[in-house]
Amino acid sequence: MATGRKGSTSKGGNVRFPDYEDAMGSPVHREDKAKDSAIPALPEPDGNFLVKVGFLRSLHRYEIVFTLPEVPVLGKDVCSLPSSSSPTPRPLLKVNRVTPTPEGGVKVTCEYTTHQEGVLQEELTLVSRGKRDQRLQVRLQARVMDRHHGTPMLLEGVRCLGAEKEKRK
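Residue 1 is where the sequence shown starts when you use full-length UniProt numbering, and the numbers rise one by one after that.
Printed below as a string of structure tokens:
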């Protein structure tokens, strides 16, 4: 008859939990975590903006809400022009609402339908209602992954509205 110990044996290792002060300086704890999850609107050298919305899934519809800082050229009364860059009869990027913010910028709410994988860019044009010749181009950039390769963590301001039907070939 074999005599042996049943159960697990400990190797004598200790587990140390860091104090709260140690966690603050740790590379894992970030005070600016809220900033990292918001949609960045990056100014470009030509005065336009690049808005990075992060990872999205192919063949899905998203509501995207982002804020642009104050642009003195446009003024306070801003609207969007219809997208003429879309070759399809149904545009992939549709602006639903442009509202002023208390800080002087504008909050843009749009709907984006992803149609293929890769790094995709769509453009929208904001104009001043009073001065139609003053324009601001906003490029929306998304990294779109295949619909069968997991679920992306969406940035704050991006909301999935649902899946689109896959077109049969």
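The beta carbon of each residue, even a glycine, is placed where N, CA and C say it ideally should be.
CA nearest to the CA of residue i, picked from the options
i           : options             : result
residue 131 : 43, 125, 75 and 71  : 75
residue 146 : 46, 116 and 61      : 116
residue 96  : 109, 51 and 102     : 109
residue 106 : 154, 40 and 78      : 78
residue 49  : 137, 156 and 154    : 137
residue 46  : 94, 139, 148 and 62 : 139
residue 63  : 133, 99 and 114     : 114
residue 120 : 40, 42, 44 and 51   : 51
residue 134 : 118, 72 and 148     : 72
Where residue i falls: helix, strand or coil (DSSP)
i           : result
residue 96  : strand
residue 129 : coil
residue 166 : coil
residue 63  : strand
residue 78  : strand
residue 73  : coil
residue 43  : strand
residue 32  : Reliability of the predicted coordinates at residue 32 is poor, the pLDDT of 47 falling under 50, and the value obtained from them is presented with this limitation in mind. Here residue 32 sits in coil by DSSP.
Contact belief for residue i with residue j at Cβ below 8 Å, rounded distance in angstroms
i           : j           : result
residue 112 : residue 92  : 6 Å
residue 70  : residue 104 : 4 Å
Subject >> Those runs of the beta strand (DSSP E) which lie wholly inside the region 98-159 and span at least 3 residues >> reply: List check, beta strand (DSSP E) in window: 106-113, 118-128 and 135-145.
Original post:
For the region 134-153 against the region 51-60, are there 3 or more C-beta pairs whose distance is under 8 Å?
Top reply: Taking 8 Å as the limit for Cβ pairs, the verdict is that the region 51-60 does touch the region 134-153.
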